[in-house]
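In full-length UniProt numbering, the protein residues as written are 1 to 76.
Think of the CB as a built atom: it goes at the ideal place given N, C-alpha and C, for glycine as much as any other residue.
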Amino acid sequence: MHLKQIPVGGRGRITGYKRGEKEYRRRLLMLGATPGVEFEVVRIAPLGDPVEIRVRGSFISVRRNEAELIEIEPVD
Numbered sequence: 001m002h003l004k005q006i007p008v009g010g011r012g013r014i015t016g017y018k019r020g021e022k023e024y025r026r027r028l029l030m031l032g033a034t035p036g037v038e039f040e041v042v043r044i045a046p047l048g049d050p051v052e053i054r055v056r057g058s059f060i061s062v063r064r065n066e067a068e069l070i071e072i073e074p075v076d
């Protein structure tokens, strides 16, 4: 499952990242979006890009194509 499939208010856990885009993956890791951390989708822009998530008390905006790199599992 990917981040872009979670609705507003939905929660999930980051399980890993797809290969490629090392610079972007490094930026997300520095912002606290590490494997195993839970997040919440706070807001999605009207056209679906970007998606804003809350991770460890911080808000991160993720573009739709970049969200495809993040592998997640839903959390109830």
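> Touching or not, the region 68 to 76 and the region 9 to 27, by the rule of three or more beta carbon pairs under 8 Å?
Replying inline: The region 68 to 76, when compared against the region 9 to 27, does touch it at the 8 Å Cβ threshold.
> For Glu23, which of helix, strand or coil comes out of DSSP?
Replying inline: As a first step, residue 23 is located in the sequence shown; it is residue number 23 there, counting from the start. DSSP places Glu23 within a helical segment (H, G or I) once states are collapsed to three.
>> Can you look up Arg13 in the DSSP assignment and give me helix, strand or coil?
In response: As a first step, residue 13 is located in the sequence shown; it is residue number 13 there, counting from the start. Strand.
> From Val51, Arg19 and Val37, pick the residue whose C-alpha is nearest to that of Arg43; which is it?
Replying inline: Residue 43 sits at position 43 when you count from the first residue of the sequence shown. The closest CA to that of Arg43, considering only Val51, Arg19 and Val37, is found on Val51.
> Quick one, which of Met1, Gly12, Arg63 and Lys4 has its alpha-carbon nearest Gly36's?
Replying inline: Position 36 of the sequence shown holds residue 36. Closest option to Gly36, judged by alpha-carbon separation, among Met1, Gly12, Arg63 and Lys4: Gly12.
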